[in-house]
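Shown next, in structure tokens, is the structure this report addresses.
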Amino acid sequence: MRIKELFCKRRPVFSFEIFPPKPDYPIETVYETVERLHGFRPDFISVTYGAGGSNRGRTVRIAEHIKKTYRIETMAHLTCVGHSPAELDQIIGQLKEAGIENVLALRGDPPRDRPDFEFKSDRYRYAGQLVQHLRRYDHFCIGAAAYPEGHPECETWEEDWLHLRDKVNAGVDFLVTQLFFDNRIFYHFKENLLRLGVNIPVSAGIMPVLNVNHIKRMVYLSGASIPAKLLLLFDKYEDKPEDFEKAGLEYAINQINALIRNGVEGIHLYTMNKAEQTRVIMENVDWSASPEEE
Ligand code: FAD
Numbered sequence: 014m015r016i017k018e019l020f021c022k023r024r025p026v027f028s029f030e031i032f033p034p035k036p037d038y039p040i041e042t043v044y045e046t047v048e049r050l051h052g053f054r055p056d057f058i059s060v061t062y063g064a065g066g067s068n069r070g071r072t073v074r075i076a077e078h079i080k081k082t083y084r085i086e087t088m089a090h091l092t093c094v095g096h097s098p099a100e101l102d103q104i105i106g107q108l109k110e111a112g113i114e115n116v117l118a119l120r121g122d123p124p125r126d127r128p129d130f131e132f133k134s135d136r137y138r139y140a141g142q143l144v145q146h147l148r149r150y151d152h153f154c155i156g157a158a159a160y161p162e163g164h165p166e167c168e169t170w171e172e173d174w175l176h177l178r179d180k181v182n183a184g185v186d187f188l189v190t191q192l193f194f195d196n197r198i199f200y201h202f203k204e205n206l207l208r209l210g211v212n213i214p215v216s217a218g219i220m221p222v223l224n225v226n227h228i229k230r231m232v233y234l235s236g237a238s239i240p241a242k243l244l245l246l247f248d249k250y251e252d253k254p255e256d257f258e259k260a261g262l263e264y265a266i267n268q269i270n271a272l273i274r275n276g277v278e279g280i281h282l283y284t285m286n287k288a289e290q291t292r293v294i295m296e297n298v299d300w301s302a303s304p305e306e307e
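In terms of the working numbering, the sequence shown has 244 at position 231, counting the first letter as 1, and numbering is strictly consecutive.
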């Protein structure tokens with residue numbers, strides 16, 4: 014089923030994101046995670062794509078496996094960085110053959126160990142071009158990434174959102190956001206999308222913080238800002254890893270509950286392949302909370 018149809022049927026649409034294990038780990042390790050999580054019946058599970066790695070082929074295999082084994086809808090991430098249009102056609106062929114209907118069209122990041130990386134003129138430079146490429150197939154429901162705090166490469170948030178508007182106009186059906194820790198940033202982002210005439214469903218990307226090093230890495234990679242109330246957890250639990258994880262999960266649960274009360278269209282949980290922590294979140298979120306009166 015196309016994910017855009019799910020957004021017409023229910024709110025919030027909730028989804029898990031998983032990633033393929035590194036090539037030297039058996040693919041079954043992620044299947045074990047899915048085995049533990051499928052009972053929550055997410056509306057869909059998305060599988061990331063390693064823009065820089067060598068385990069790209071696993072994305073299609075995992076997405077196909079989940080769809081066929083559990084009858085849960087899947088979305089394959091696809092990045093255009095480093096691929097020629099012909100290579101993209103090859104991967105798109107594999108996706109079609111595997112029965113995958115939903116793709117998250119991304120640019121990806123240039124390899125971190127290649128500071129001299131240059132986008133070749135015969136390759137796509139932006140996700141919007143991949144969206145146009147995918148649209149030619151008339152087969153896929155297309156999602157794209159969105160950044161409530163602006164993409165880190167942009168000088169201003171507005172500049173990024175204008176690019177986002179163009180990307181959406183190229184044929185995007187729904188958006189999934191980068192992680193954020195302050196819901197006010199998400200509401201502000203949504204208001205701005207409406208101001209710019211972007212009116213497609215947006216799923217809020219939520220990542221629980223599990224320890225201090227983890228959050229530092231996430232903030233470094235995503236550019237997300239840390240609100241004071243989250244910072245307080247650092248001081249309180251820095252030397253108590255178990256308490257920190259508990260508090261981090263509670264923070265994510267509160268964040269999701271508030272988003273649901275405010276009528277969010279989708280919740281996209283970055284599971285990091287951690288079944289136990291995902292279970293705690295799923296069992297403590299009030300999925301039935303209706304939006305508060307205006
Ligand atoms: P774009 O939409 O192309 O944006 C990239 C930058 O270019 C932005 O600063 C934008 O403002 C600017 N820009 C866009 N169009 C133009 C234009 N026409 N002219 C000038 N500037 C422009 N990475 C992976 O490698 N694999 C994954 O599976 C993966 N999954 C992700 C899932 C989600 C939900 C998110 C939010 C990110 C994911 N990423 C993934 C990371 C993503 O690849 C990086 O954030 C990347 O830097 C940008 O990708 P994008 O698709 O947002 O790019």
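Every residue gets a Cβ at the ideal spot worked out from N, C-alpha and C, and that includes glycine.
Is residue i helix, strand or coil when you go by DSSP?
{"i": "residue 17", "result": "helix"}
{"i": "residue 105", "result": "helix"}
{"i": "residue 278", "result": "coil"}
{"i": "residue 227", "result": "helix"}
{"i": "residue 293", "result": "helix"}
{"i": "residue 85", "result": "coil"}
{"i": "residue 91", "result": "strand"}
{"i": "residue 232", "result": "helix"}
{"i": "residue 99", "result": "helix"}
{"i": "residue 217", "result": "strand"}
{"i": "residue 307", "result": "With a pLDDT of only 45 at residue 307, under the threshold of 50, the placement of this residue in the model should not be trusted, and no figure is reported."}
Hey, residue i and residue j are a contact pair by Cβ (cut 8 Å); roughly how many whole angstroms apart?
{"i": "residue 9", "j": "residue 147", "result": "There is simply no residue 9 to check, as the chain begins at 14 and stops at 307 in what is shown."}
{"i": "residue 272", "j": "residue 290", "result": "Not really, about 18 Å apart at Cβ, beyond 8 Å."}
{"i": "residue 192", "j": "residue 283", "result": "6 Å"}
{"i": "residue 268", "j": "residue 196", "result": "6 Å"}
{"i": "residue 211", "j": "residue 181", "result": "5 Å"}
{"i": "residue 298", "j": "residue 270", "result": "6 Å"}
Determine the contact status of residue i and residue j, defining contact as a CB-CB distance below 8 Å.
{"i": "residue 115", "j": "residue 86", "result": "yes"}
{"i": "residue 77", "j": "residue 112", "result": "yes"}
{"i": "residue 26", "j": "residue 279", "result": "yes"}
{"i": "residue 62", "j": "residue 93", "result": "no"}
{"i": "residue 203", "j": "residue 215", "result": "yes"}
{"i": "residue 139", "j": "residue 120", "result": "yes"}
{"i": "residue 317", "j": "residue 28", "result": "Any property of residue 317 remains undetermined from this structure, which presents the chain solely from 14 to 307."}
{"i": "residue 199", "j": "residue 217", "result": "yes"}
{"i": "residue 225", "j": "residue 194", "result": "no"}
{"i": "residue 187", "j": "residue 16", "result": "yes"}
{"i": "residue 89", "j": "residue 43", "result": "no"}
{"i": "residue 46", "j": "residue 288", "result": "yes"}
{"i": "residue 275", "j": "residue 240", "result": "no"}
{"i": "residue 156", "j": "residue 117", "result": "yes"}
{"i": "residue 237", "j": "residue 246", "result": "no"}
{"i": "residue 286", "j": "residue 40", "result": "no"}
{"i": "residue 104", "j": "residue 91", "result": "yes"}
{"i": "residue 213", "j": "residue 232", "result": "no"}
{"i": "residue 19", "j": "residue 57", "result": "yes"}
{"i": "residue 174", "j": "residue 209", "result": "yes"}
{"i": "residue 75", "j": "residue 33", "result": "yes"}
Anything with a beta carbon under 5 Å from a heavy atom of ligand 1 counts; list them all in chain order.
61, 62, 64, 90, 92, 119, 120, 121, 122, 139, 140, 158, 164, 166, 167, 173, 176, 189, 191
Quick check on the DSSP output: what are the complete alpha helix (DSSP H) runs of length 4 or more inside the stretch 116 to 191, in order along the chain?
140 to 148, 170 to 182
Scan the stretch 22 to 80 and note each continuous alpha helix (DSSP H) run of 4 residues or more that stays entirely inside, going in chain order.
41 to 50
Please go through the stretch 243 to 274 and give each complete alpha helix (DSSP H) segment of 4 or more residues, from N-terminal end onward.
Here the runs fully enclosed are 254 to 274.
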